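Numbering (my numbering), first residue to last: 34 to 367.
Read the structure below first, then the notes.
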Amino acid sequence: MSQIVSSGTSPHLRADPARRRYDDVRQLIAGPENPTPLVRLNRVAPPGDCELFVKLEWYNPFGSIKDRPAYYMLQEMARRGGLDGRQLVEPTSGNTGIALAAIAALMGKKITVTIPDGVPEEKITMLRMLGAEVWPTPDDLCPVDHPKDGAIALALSFVQGEATKDQYTMPYQYENPDNVKAHYENTGPEIWNQTDGRVGCFYAGFGTCGTLTGVGRFLKERNPNVKIVAVEPHKGHRLPGMKNLAESKTPGILDRSVIDDVVRIEDDDAYAMTKRLFREEGLIVGPTTGAIVHVAAHDAGRLPGPAVAISPDGGFKYTSYFTALLGEEGLAQA
């Protein structure tokens, strides 16, 4: 991750990563010199010599893997002058919006986010706490051939409409190559270094597809035999941040040539694994992590080298979902 210029800190207390002292919270965003943790799964993985690791992206300062591309996209837009005199707008299921809103606040920029149906209330609250203007968006705003893209259609109307196009600019994470670059230059090298170049398989979900494309390209360049597996939810799923590409437009940044396999996941399996990760591994993760780990755990041990599954975010932004998941069990334990 490129270094951020000091923001006026006293010369007597300069940034010192060795002491965990920084000039700006953005310096906490992960990079090869400051990677997010890689933690071995010892109970949900198959027995034997299986090496299954989960990469905890919620250690980023704004709580998810989306901190990486949000920083890259805004840094590049600022460098080109694309932010001058304009407000930001972005379609998001929450995590990218939270990261963009936090960084925008540090830059003194206003941001509007459009969010699809089903986003947890916790994420909406966090966005508003960061000063974002939030537009919940029904799915029926979008074309019939892409019935889950209403938030994207609304955000595009801000930057394409005659009355607003000169007021707004959009990072557009689904089409922005800096999304891929963030993972090619950071997440991929981190995984390679943390596994001593032995990684045999990498798992991530279909979303914006920046992680799959960026990490996939990097790892394939180092070892063409590394297997890249994409995890895709079923239609009508309730896994925020993931996309079924039959009901959503395929992101322009997706490079299918780096993907070796696509595995579909049911909501029940994803949430069951999420609960197991809480109770058996002590990992407070979001449901997308459960989806990805469910697939990885079924593969693990059959492939050479360590397997790495991305944990995109933590579980604190999904407590309303988990309350419903627990149901009578939760009430009995209250």
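All residues carry an ideal CB built from backbone N, CA and C; glycine is no exception.
All of these numbers come straight from a predicted model, not from anything done at the bench.
Margin query: Quick check on the burial criterion: 16 or more other C-beta atoms within 10 angstroms. Buried or exposed for L316?
Written below: One-based indexing of the sequence shown puts residue 316 at position 283. It is buried - the Cβ of L316 has at least 16 other Cβ atoms within 10 Å.
By how many angstroms is the C-alpha of Y351 removed from the C-alpha of A357? Within the sequence shown, residue 357 is the residue found at index 324, counting from 1. Within the sequence shown, residue 351 is the residue found at index 318, counting from 1. If you take the alpha carbons of A357 and Y351, they lie about 10 Å apart.
Practice prompt. Please say whether I286 and P222 have beta carbons closer to each other than 8 Å?
Written response: Indexing the sequence shown from 1 puts residue 222 at position 189. Indexing the sequence shown from 1 puts residue 286 at position 253. Going by C-beta atoms, P222 is not nearer than 8 Å to I286.
Rounded to a whole number of angstroms, what is the C-alpha to C-alpha distance between V72 and A137? Residue mapping note: residue 72 aligns to position 39 of the sequence shown, counting from 1. Residue mapping note: residue 137 aligns to position 104 of the sequence shown, counting from 1. Between V72 and A137, the C-alpha separation is close to 31 Å.
**Study point:** DSSP state of Y217 mapped onto helix, strand, coil
**Key:** Walking along the sequence shown from the start, residue 217 turns up at place 184. If DSSP states are grouped into helix, strand and coil, Y217 belongs with the helices.
Own chain residues within Cβ distance below 7 Å of M275, not counting five before or after: Position 242 of the sequence shown, counted from the start, is the residue given in the question as residue 275. Result list for M275: G238, F239, G240, P266, T321 and A324, in chain order.
Distance, Cα to Cα, Q108 vs L85? As a working mapping, residue 108 is identified with position 75 in the sequence shown. As a working mapping, residue 85 is identified with position 52 in the sequence shown. One Cα belongs to Q108, the other to L85, and the distance between them is close to 34 Å.
What are the residues that DSSP puts in a beta bridge with R54?
-> By 1-based counting over the sequence shown, the position of residue 54 is 21. BP columns for R54 point to D49.
Query - Cutoff 7 Å; reference R250; Cβ partners in own chain excluding five residues on either side - result: Taking the sequence shown and counting its residues from 1, one reaches residue 250 at position 217. Counting only Cβ-Cβ distances below 7 Å, and skipping sequence neighbours, we find Y217, D288 and V291.
Keeping to the same chain, check which residues put their C-beta closer than 6 Å to that of C234; ignore five residues upstream and five downstream. As a first step, residue 234 is located in the sequence shown; it is residue number 201 there, counting from the start. Closer than 6 Å at Cβ, skipping near neighbours: K260, L336 and A340.
query = In its own chain, which residues sit with a C-beta less than 7 Å from the C-beta of T246, not counting the 5 before and 5 after it?
reply = On the sequence shown, position 213 is the one that residue 246 refers to. Excluding residues within five positions, the ones whose Cβ falls inside 7 Å are V213, I286, L287, D288 and V291.
Simplified DSSP state of E109, which is helix, strand or coil
Taking the first residue of the sequence shown as 1, we reach residue 109 at position 76. Helix.
Self-check item: For A184 and M203, believed in contact at Cβ under 8 Å, the rounded distance
Solution: Residue 203 sits at position 170 when you count from the first residue of the sequence shown. Residue 184 sits at position 151 when you count from the first residue of the sequence shown. Contact between M203 and A184 is ruled out by a C-beta separation of about 12 Å, above the 8 Å threshold.
Indicate the three-state DSSP secondary structure (helix, strand or coil) for R289 in the structure shown.
Counted from its first residue, the sequence shown places residue 289 at position 256. It is helical.
What do you get for Q206, buried or exposed, if any count of 16 or more other CB atoms within 10 angstroms of its CB means buried?
-> Taking the first residue of the sequence shown as 1, we reach residue 206 at position 173. Classification for Q206: buried.
For a minimum of 3 consecutive residues, which ranges assigned as the beta strand (DSSP E) are wholly contained in the stretch 213-270? 234-238 and 260-266
Using a Cβ distance threshold of 8 Å, determine whether the stretch 123-142 contacts the stretch 90-105, with at least three qualifying pairs required. Short answer: they touch.
Local conformation of S139 per DSSP, three classes:
In the sequence shown, the residue the question calls residue 139 occupies position 106. Looking at the sequence itself, residue 139 is Leu, so the reference to Ser does not match. In the structure shown, L139 sits in a helix (DSSP, three-state: H, G or I).
| said: Please tell me whether P153 has its Cβ less than 8 Å away from any Cβ of chain D. | reply: In the structure shown, chain D cannot be found, because there is only a single protein chain.
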